[in-house]
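Enquirer:
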Amino acid sequence: MKKKKLYPGTVEAEQQRCKGPEPGPEPDFIAGAPNYDKFHGWAPEEVLVFLNID
891 MKKKKLYPGT VEAEQQRCKG PEPGPEPDFI AGAPNYDKFH GWAPEEVLVF
941 LNID
């Protein structure tokens, strides 16, 4: 016997729930160091000033 869903949209909601989170933007820091790959075309000194690192 086929199970009938009681509420409309239940199938779509279950599919969305199973996808998992979408990847977010690149982080500014990786393991405590600036992520220089995120700042394309910036000099290392500019990245440090932007992130306010002495």
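Per this note's numbering, the sequence shown starts with residue 891, numbered consecutively. Ideal placement from N, C-alpha and C gives every residue a C-beta, glycine not left out.
Pull up the DSSP beta-bridge partners for residue 943, would you.
Expert: Per DSSP, none; premise fails for residue 943.
Enquirer: Give a yes or no on whether the C-beta atoms belonging to residue 929 and residue 937 are separated by under 8 Å.
Expert: Contact flag set, yes.
Enquirer: With DSSP as the reference, label residue 903 as helix, strand or coil.
Expert: Three-state DSSP puts residue 903 in a helix.
Enquirer: Going straight from the alpha carbon of residue 923 to that of residue 900, what length do you get?
Expert: When rounded, the distance between both Cα atoms is 44 Å.
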